[in-house]
Amino acid sequence: MAELVVALDLPDKASALAMAARLAGTVTWVKVGLELYTAQGPDVVAALKGLGFKVFLDLKFLDIPNTVRGAVRSAVGAGADMLNVHASGGARMMHAARQGLDEASAPGAAPLLLAVTVLTSMDERDLPLGPGRTVADLVLDLARATREAGLHGVVCSGHEARAVKAACGPGFLCLTPGIRPAGADDDQRRVMTPAMAVAAGADFLVAGRPVTQAADPQAAALSFLEQMRQSGVR
Ligand code: C5P
1109 MAELVVALDL
1119 PDKASALAMA
1129 ARLAGTVTWV
1139 KVGLELYTAQ
1149 GPDVVAALKG
1159 LGFKVFLDLK
1169 FLDIPNTVRG
1179 AVRSAVGAGA
1189 DMLNVHASGG
1199 ARMMHAARQG
1209 LDEASAPGAA
1219 PLLLAVTVLT
1229 SMDERDLPLG
1239 PGRTVADLVL
1249 DLARATREAG
1259 LHGVVCSGHE
1269 ARAVKAACGP
1279 GFLCLTPGIR
1289 PAGADDDQRR
1299 VMTPAMAVAA
1309 GADFLVAGRP
1319 VTQAADPQAA
1329 ALSFLEQMRQ
1339 SGVR
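Just so we're aligned, residue 1109 is where the sequence shown starts under my numbering, counting upward by one.
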């Protein structure tokens, strides 16, 4: 069964820990992204892990290979259970990221390392795709390059998950943000409902605002989990 990851896109450690406390026992994974990490650094990762959560450190590294290798080592040192880079950084950058992961991890205990293909907030209007090429084509090219570089999987939208699994194999992980209840409308463009994303083969579903801005975040998370179960996929 796919796992739900709740994005704690909040400004400080106190609000992140308060939100995490409301979700404890309901979700296993939380995501620390740019806003929270830039404000609080590794302390917030340690605090969330102290509460028993697994932490996806979503810093989307994109830089020259040597810099990304070092950044990945630091993210492992911060205690991340999952981390990511941008696939658009290219094969050499992703190889360097994998090297950094192996250097900093205990044998057999490396965190999951994913590559972002195309942000779920983007669609064909935002990308210089060239004639006849779709967002899905670009996502698939980046996913193949990610697999060849030895990473564990990709971040893509639910719309591409099925094709990524077909091209890269069932064990190649798909993490899908842009998860929305039917009818929602905001800055995300390539969105899917929880049941659709699970049915498409996603291994991890990321939801932020639909959970953290709900009047009752725990009830919203439970509703997502129930909708994921309704996909019929075990
Ligand atoms: O609030 P919302 O559900 O849109 O949050 C989605 C989260 O997933 C955000 O933290 C965003 O940074 C992240 N994300 C994304 N698209 C990607 C990779 C990460 O929306 N391709």
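For each residue, glycine too, the CB sits at the ideal point set by N, CA and C.
- When C-beta atoms of the stretch 1199 to 1206 are compared with those of the stretch 1270 to 1290, fewer than three pairs fall below 8 Å, so the two segments do not count as touching.
- In summary, P1215 is exposed, with fewer than 16 beta-carbon neighbours lying within 10 Å of its beta-carbon over all protein chains present.
- In this structure, R1297 has its CB at a distance of at least 7 Å from all heavy atoms of the ligand C5P.
- Secondary structure note for V1153: its alpha helix (DSSP H) is the uninterrupted segment 1150 to 1158.
- The distance from the Cβ of L1333 to that of L1112 is about 6 Å, consistent with a contact at the 8 Å cut-off.
- Around the C-beta of E1268, 16 or more other C-beta atoms lie within 10 Å, and the residue is accordingly described as buried.
- Under a 10 Å Cβ-count criterion, M1109 is classified as exposed, with fewer than 16 other Cβ atoms of the shown protein chains found around its own Cβ.
- Runs of the beta strand (DSSP E) lying entirely within the stretch 1178 to 1235 and spanning at least 3 residues, in chain order: 1190 to 1194, 1220 to 1224.
- 8 Å or more divides the Cβ of L1144 from the Cβ of A1128.
- For the pair L1220 and A1328, the Cα-to-Cα distance works out to about 26 Å.
- For I1287, DSSP records a beta bridge to M1300.
- For L1248, the closest alpha carbon among the candidates G1133, V1226, G1240, M1230 is that of V1226.
- In this structure the stretch 1163 to 1172 lies against the stretch 1186 to 1197, because at least three pairs of beta carbons, one per stretch, are closer than 8 Å.
- When DSSP states are grouped into helix, strand and coil, D1166 belongs to the strand group.
- In the three-state reduction of the DSSP assignment, L1281 falls in the strand class, which pools E and B.
- Only residues of its own chain outside the window of five on either side were considered, and among them S1265, P1285, G1286, Q1296, R1298 have a CB closer than 6 Å to the CB of T1228, listed in chain order.
- 8 Å or more divides the Cβ of P1325 from the Cβ of P1289.
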